[in-house]
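A.B. asks: The structure under discussion is supplied below as structure tokens; questions concerning it will follow.
There are 2 protein chains.
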Amino acid sequence: MKRATAQNVATEAGVSKWTVIRAFTPGASITEASRAKVLEAAERLNYRPNLLARSLATSATHQVAVLVDDFANPHKLPFLEKLTAALQAEGLVTMLININQHYSHVHAILNADQRQVDAIVLFGTAFRDEMLTDHKLGRGGPPMFVLARDSQIEGVPAISCDAVVAIAEIGKHLLEKGYRRPGFMAGARTLSTALGRRRAFKAFWQTALGVELVEMSAERYSAEAGAQAARDYLSKVAPEDRIDVLMCENDALAFGAMDVARSEFGLRVPKDLAIVGFDNAAPAASPAYGLTTYEQPTDQMVKAAIDMILERAPRETVNFQGKLVVRESA
Amino acid sequence: MKRATAQNVATEAGVSKWTVIRAFTPGASITEASRAKVLEAAERLNYRPNLLARSLATSATHQVAVLVDDFANPHKLPFLEKLTAALQAEGLVTMLININQHYSHVHAILNADQRQVDAIVLFGTAFRDEMLTDHKLGRGGPPMFVLARDSQIEGVPAISCDAVVAIAEIGKHLLEKGYRRPGFMAGARTLSTALGRRRAFKAFWQTALGVELVEMSAERYSAEAGAQAARDYLSKVAPEDRIDVLMCENDALAFGAMDVARSEFGLRVPKDLAIVGFDNAAPAASPAYGLTTYEQPTDQMVKAAIDMILERAPRETVNFQGKLVVRESA
DNA sequence: ATAGATTTTGCTACCGGTAGCAAACGTGCA
DNA sequence: TGCACGTTTGCTACCGGTAGCAAAATCTAT
Chain U
1 MKRATAQNVA
11 TEAGVSKWTV
21 IRAFTPGASI
31 TEASRAKVLE
41 AAERLNYRPN
51 LLARSLATSA
61 THQVAVLVDD
71 FANPHKLPFL
81 EKLTAALQAE
91 GLVTMLININ
101 QHYSHVHAIL
111 NADQRQVDAI
121 VLFGTAFRDE
131 MLTDHKLGRG
141 GPPMFVLARD
151 SQIEGVPAIS
161 CDAVVAIAEI
171 GKHLLEKGYR
181 RPGFMAGART
191 LSTALGRRRA
201 FKAFWQTALG
211 VELVEMSAER
221 YSAEAGAQAA
231 RDYLSKVAPE
241 DRIDVLMCEN
251 DALAFGAMDV
261 ARSEFGLRVP
271 KDLAIVGFDN
281 AAPAASPAYG
291 LTTYEQPTDQ
301 MVKAAIDMIL
311 ERAPRETVNF
321 QGKLVVRESA
Chain B
1 MKRATAQNVA
11 TEAGVSKWTV
21 IRAFTPGASI
31 TEASRAKVLE
41 AAERLNYRPN
51 LLARSLATSA
61 THQVAVLVDD
71 FANPHKLPFL
81 EKLTAALQAE
91 GLVTMLININ
101 QHYSHVHAIL
111 NADQRQVDAI
121 VLFGTAFRDE
131 MLTDHKLGRG
141 GPPMFVLARD
151 SQIEGVPAIS
161 CDAVVAIAEI
171 GKHLLEKGYR
181 RPGFMAGART
191 LSTALGRRRA
201 FKAFWQTALG
211 VELVEMSAER
221 YSAEAGAQAA
231 RDYLSKVAPE
241 DRIDVLMCEN
251 DALAFGAMDV
261 ARSEFGLRVP
271 KDLAIVGFDN
281 AAPAASPAYG
291 LTTYEQPTDQ
301 MVKAAIDMIL
311 ERAPRETVNF
321 QGKLVVRESA
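Listed in order, the protein sequences are those of chains U and B. Sequential numbering from 1 applies to the first sequence in UniProt numbering. Sequential numbering from 1 applies to the second sequence in UniProt numbering.
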């Protein structure tokens, strides 16, 4: 049984298909009598308008592609929740695209473009700038935005949390607490400049105390990778030579690092090793971790993204200020 | 600058638009010469086919709506990762729909239907059966599937993890460990029958020892809600009257319960109170929790869902067997 | 009753592809 | 050279809507 079309309903109701359309268009010029007649016929035939056809005619799909590559970060889930809710509140639908080895940004952007999405949001994905600048992906396609990550790319505005301000606040807190031998754990080395946190943290200690940062890097942004990186460092360096505070590029890494420090090396956090994360993911608040971390203003960021997508705000990079969440770990 | 259409490319290349289409259709009847000519013209005009128009003509969008309402459960993220990856591997795209107070199942299903999705997956969402049975949503629309939850609804097959088998395994383990006073924490009371775990757990103890289950329920499926439910119970019941093992409907609840038991009531887990979860979410493996839990066979479930969507397998309810993951907490 | 204004309805053309048939083309063989 | 045959190309019709104009119907005022 095929679905009924406006034409079918029109025949059933004894009017033209344009009258049917009008009955379903709020504010259209139509008499109550015809509207009622049409709606009744539509009900009988179980008619539901075809949004695909509408999108084709109006060239607006009200679909937004959201690219994600980092499903190991628990912080992504509530963020994604807010993003989808906000999009839906504006009548937009989320096309969730999983970027991985089998499905690159190029794939994703090409596909989203051909599906005529209204916008493409790179939600914290790790990409090389060349990919977007070299490639012809930019021209003529839907507007692109980078959310929760930096972007230096012309024409691709970023909506992110100001790393310099955040790191300054974190650094100040650590300095006051008396930590003097800082370490930094980055995820996915080649792309870690993406967040600017490493750079800012390094610069902070350089300026404040003239000390050199101990750097380590995890394979990916996940608790397991963070655990492994911490394990490598701790088993390599003698207790007396170790850092006294470890800043992790995000909470996922910090959870892994804290687990290893405590359970495999018997270190007390923060007494033997203080740990700081970034994102304020849910487990950070748990007494099991009590992780000092930095909370991104996700509500503001989501709102800003939506405003740009809908052209209610200029499409240019914006940085928001988050807030330090001090807990037991540092 | 508008996007180029097949007609534009045709004019540019000096052929008809059907020849252009053929140049982009694998296996179509076309000479190498024309194909080259067309591809070159297409390149010049930066032509990209419009999948919306194709979908309209072929009535296949290769889009699958995935409904989620439970973003507080960390288990959802890796599961969603697998699901999207598997869909993408089959050329399907995920329309992620966030079910919440402002956007009901009815909204979501109506919208997805009008967008002509190829299938709708209710991914662990809590819905009342009447909603799907009463409503005309079923008829004529895309096929619907329930993933990671039970479904008694005619025509809406479920792909889930066998609760009876799972609970039997968990129960057997707890019995062997010597626990005798079991408690169960459900999420979202009105819908908790959805998972069948409570029922199975109750029946298990009834049959095995003839003991009555102590039941508590959380407002939602989240760590916070689990914490609150545990707090209510522990502060109400004197230490000597308490249960000795608490089975939580999912890990999110278990994390909250364990946090409260340890940090607010000073209980040792599992000595004073053993705790069991369900899902084997990432933090369960962390030494900070060491949660004994049950792992759903997500890979199998995803594969089964895809097979049903693509009609490679009969569209009927299937139950898979997961496996018990024993850790320190019980 | 009638002219004029206003509302309602129907129409053509279009969005950008696909399906499948018919005509044009090229080739091999008698 | 002519014909049959297979391949390539172009065509009409269609998918299910929208835009905006023209015709028809209704309303208002004289």
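For each residue, glycine too, the CB sits at the ideal point set by N, CA and C. All of these numbers come straight from a predicted model, not from anything done at the bench.
Taking CB distances under 9 Å as the criterion, tell me whether Glu-90(U) reaches chain B.
C.D. replies: Answer no: the Cβ-Cβ gap between Glu-90(U) and chain B never drops below 9 Å.
A.B. asks: Which ranges would you report for the beta strand (DSSP E) in the stretch 239 to 306 of chain B if only whole runs of at least 3 residues count?
C.D. replies: Listed in chain order, they are 245 to 248, 274 to 276 and 293 to 295.
A.B. asks: Compute the Euclidean distance between the alpha carbons of Phe-145(B) and Ala-305(B), then round it to the nearest angstrom.
C.D. replies: 8 Å
A.B. asks: Please confirm whether any heavy atom of the ligand PLP lies closer than 8 Å to the CB of Asn-100(U).
C.D. replies: With respect to the ligand PLP, the structure shown offers nothing to examine, as it has no ligands at all.
A.B. asks: Looking at the C-beta of Met-95(B), does it have a partner C-beta in chain U at a distance below 9 Å?
C.D. replies: yes
A.B. asks: Within 10 angstroms of the Cβ of Arg-115(U), are there 16 or more other Cβ atoms? Answer buried if so, exposed if not.
C.D. replies: Using a 10 angstroms sphere on the CB of Arg-115(U), the tally of other CB atoms reaches 16 or more, which defines it as buried.
A.B. asks: Do Val-302(B) and Phe-79(B) have their CB atoms nearer than 9 Å?
C.D. replies: yes
A.B. asks: Please report the straight-line C-alpha distance between Tyr-233(B) and Met-216(B), rounded to a whole angstrom.
C.D. replies: 7 Å
A.B. asks: Are Pro-142(B) and Ala-112(B) touching if we call contact CB-CB under 9 Å?
C.D. replies: Their beta carbons are under 9 Å apart, which means Pro-142(B) touches Ala-112(B) by this criterion.
A.B. asks: From Glu-224(B) to Phe-278(U), what distance separates their C-alpha atoms?
C.D. replies: 21 Å
A.B. asks: Since Ala-330(U) contacts Pro-270(U) with CB under 8 Å, what's their CB separation in whole angstroms?
C.D. replies: 5 Å
A.B. asks: Identify each residue in the stretch 97 to 131 of chain B for which the Cβ-Cβ distance to at least one residue of chain U is less than 8 Å, and report them in chain order.
C.D. replies: Ile-97, Asn-98, Asn-100, His-102, Tyr-103, Leu-110, Asn-111, Asp-113, Gln-114, Arg-115 and Gln-116
A.B. asks: Answer yes or no: does any C-beta atom of chain B fall closer than 9 Å to that of Asp-279(U)?
C.D. replies: No, Asp-279(U) does not count as interfacial toward chain B.
A.B. asks: So Tyr-233(U) contacts chain B; which residues on that side make the cut at Cβ distance below 8 Å?
C.D. replies: Residues of chain B passing the Cβ test: none, with the nearest at roughly 18 Å.
A.B. asks: Residues of chain U with a CB under 9 Å from the CB of Glu-262(B): which are they?
C.D. replies: It should be noted that the sequence gives Arg, not Glu, for residue 262(B). By Cβ distance, chain U contributes Pro-287 and Ala-288.
A.B. asks: Name the residue from Gln-321(U), His-62(U), Glu-81(U) and Leu-273(U) whose alpha carbon lies nearest to the alpha carbon of Glu-240(U).
C.D. replies: Leu-273(U)
A.B. asks: Return the residue from the list Arg-312(B), Asn-100(B) and His-107(B) that minimises the CA-CA distance to Phe-71(B).
C.D. replies: Asn-100(B)
A.B. asks: Taking Gly-91(B) as the reference, which of His-62(B), Asp-69(B) and Thr-207(B) has the closest Cα?
C.D. replies: Proximity to Gly-91(B) across His-62(B), Asp-69(B) and Thr-207(B) peaks at His-62(B), based on C-alpha coordinates.
A.B. asks: Anyone know if the C-beta pair for Thr-298(U) and Arg-327(U) falls short of 9 Å?
C.D. replies: no
A.B. asks: Consult DSSP for Ser-235(B) and reduce its assignment to one of helix, strand or coil.
C.D. replies: Looking at Ser-235(B) - three-state DSSP - the assignment turns out to be helix.
A.B. asks: How would you write the range of the beta strand (DSSP E) that Phe-184(U) sits in, first residue to last?
C.D. replies: Note, Phe-184(U): beta strand (DSSP E), 182 to 187.
A.B. asks: Using C-beta distances below 8 Å, list every residue in its chain close to residue 339(B), excluding the 5 sequence neighbours before and after it, in chain order.
C.D. replies: The question about residue 339(B) has no answer, for chain B in this structure spans 1 to 330.
A.B. asks: Kindly say whether Leu-253(U), judged by its beta-carbon, lies nearer than 9 Å to any beta-carbon of chain B.
C.D. replies: Interface criterion not met: the Cβ of Leu-253(U) is under 9 Å from no Cβ in chain B.
A.B. asks: One question on the structure: do Gly-140(B) and Asn-46(U) come within less than 9 Å of each other, judged by their Cβ atoms?
C.D. replies: yes
A.B. asks: Taking the CB atoms as reference points, tell me whether Ala-108(U) and Leu-67(U) lie closer together than 9 Å.
C.D. replies: yes
A.B. asks: Would you identify the three-state DSSP class for Ser-55(U), choosing helix, strand or coil?
C.D. replies: helix
A.B. asks: Taking the straight line between their C-alpha atoms, what separation do you get for Leu-209(B) and Asp-162(U)?
C.D. replies: 59 Å
A.B. asks: Does DSSP put Ala-60(U) in a helix, in a strand, or in coil?
C.D. replies: In the structure shown, the three-state DSSP call for Ala-60(U) is coil.
A.B. asks: In whole angstroms, what separates the C-alpha of Gly-124(U) from that of Phe-184(U)?
C.D. replies: Cα-Cα distance, rounded: 20 Å.
A.B. asks: At a CB-CB cut-off below 7 Å, which residues of chain U make contact with Ala-218(B)?
C.D. replies: The contacting residues do not exist; Ala-218(B) stays about 15 Å from chain U at best.
A.B. asks: Using three-state DSSP, classify Ile-109(B) as helix, strand or coil.
C.D. replies: helix
A.B. asks: Taking the DSSP output, what are the residues bridged to Met-308(B)?
C.D. replies: For Met-308(B), which the question treats as bridged, DSSP gives no partner whatsoever.
A.B. asks: For Glu-81(U), go through chain B and note every residue whose CB falls closer than 9 Å to its CB, in chain order.
C.D. replies: Neighbourhood of Glu-81(U) in chain B, by CB distance below 9 Å: Val-68, Phe-71, Ala-72, Asn-98 and Asn-100, in chain order.
A.B. asks: Distance check for Leu-132(B) and Ile-153(B), CA to CA, integer angstroms please.
C.D. replies: 8 Å
A.B. asks: Using beta-carbon positions only, say whether Ile-222(B) and Asn-73(B) come within less than 9 Å of one another.
C.D. replies: Contrary to the premise, residue 222(B) reads as Ser rather than Ile in this sequence. Contact: yes.
A.B. asks: Quick one: is Trp-205(B) buried, meaning 16 or more other Cβ sit within 10 Å of its Cβ, or exposed?
C.D. replies: Burial call: buried.
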